[in-house]
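Sequence positions in the sequence shown follow the numbering used here and run 59 to 314.
All C-beta atoms, glycine included, are put in the ideal place defined by N, C-alpha and C.
Structure first, then comments.
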Amino acid sequence: MKEIDESKLILIDSNGIRTDGRRWNELRPLRIRVGILDRAEGSALVEMGKTKALATVYGPKEMFPKHMANPDRAILRAAYRMATFSVEERKKPQPSRRELELSKVIKEALEPAIMLHYYPRTVIEVYILILQADGGTRTAAINAASLALADAGIPMKGLVTAVAAGRVGDQVVLDLNDVEDKYGDADLPVAMIPATGEITLLQMDGTMSSDMFERALKLAIEGINIIYERQRDALKRRFLELKEKILGGEFYASRD
Ligand code: ADP
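Below, the structure written as structure tokens:
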């Protein structure tokens, strides 16, 4: 990894501009595509700046082994993985402790949104692959996963939307990139179901005063509302695309 001389690193310059040209309250450029894979039941690709997360969904399908099935609801499985080429130095392909931890955190952030009780004895699998990592991979993963779930037609209370806010010196900042995540003072990833206002993930790495915490949380929620609109637009585009395909006769019942 390239060595960074921390003493010379300026995360916010005297004009209030961050390392990638943003102001404190600006999101990274966001790009969302839903339904990009034919063979998964649901899929989505979310790019937040240079961070790229691909999510796929399979299920609900019968749970195997059967003794692990829950008679009252579906079980959600989430796997978060980073591609070997997603970081500067090749990442070992074996799942790391961090990947296992993030898989759990992401599962818990998605679970409250899904109507799991509609599908007893089944399993819903969410697989997330980070294609490129530049900070905020867990939030990009959650944004992509909730869209892939919607694309798979899984009933939900609402989409789950996530972004991190943080602290650089005495300034709160939105949607941290990798350098800000590593050399900033605090990172606060937040996930929420904007349709109900439920917060489903709230973590903090670093330190903040309670006043700053409140400002950072407010900033993250403002960011979430912007991302949520973009997620809804991407889903609408997907459904219009499907409607056109159906009307164009691209889908037909098989005789087999
Ligand atoms: P998040 O990606 O959700 O911010 P972390 O705070 O754990 O999660 O990671 C911050 C950033 O550190 C990642 O987005 C990525 O850019 C970088 N990173 C994580 N794991 C590795 C790794 N194994 N090698 C190099 N960089 C990594």
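Just checking residue i against the ligand ADP - is the residue's beta carbon closer than 7 Å to any of the ligand's heavy atoms?
i, result
"D245", "yes"
"T142", "no"
"K215", "no"
"T265", "no"
"R97", "no"
"E146", "yes"
"K110", "no"
Quick one: what does DSSP say residue i is sitting in, helix, strand or coil?
i, result
"L67", "coil"
"K149", "coil"
"G255", "coil"
"K108", "coil"
"D314", "Residue confidence for D314 is low, a pLDDT of 49 falling below 50, so the modelled location carries little weight and cannot support an answer."
"L95", "coil"
Less than 8 Å between the CB atoms is what I'm expecting for residue i and residue j, so what's the real figure, rounded?
i, j, result
"D138", "I186", "Sequence check: residue 138 is Tyr here, not Asp. That pair is a contact at about 5 Å."
"G117", "T180", "6 Å"
In whole angstroms, what separates the C-alpha of residue i from that of residue j?
i, j, result
"L260", "P247", "6 Å"
"T265", "F143", "31 Å"
"G194", "A141", "15 Å"
"D314", "V145", "Reliability fails at D314, whose pLDDT of 49 lies under 50, so the model's placement of it is uncertain and the value that follows must be treated cautiously. Cα to Cα, D314 sits roughly 46 Å from V145."
"N235", "E84", "12 Å"
"D239", "V92", "28 Å"
"R156", "R196", "11 Å"
"Y241", "D78", "14 Å"
Between the region 64–77 and the region 162–180, do three or more beta carbon pairs fall short of 8 Å?
-> Taking 8 Å as the limit for Cβ pairs, the verdict is that the region 162–180 does not touch the region 64–77.
Can you find at least 3 beta carbon pairs, one from the region 277–293 and one from the region 81–98, that sit closer than 8 Å?
-> Touching, per the Cβ criterion.
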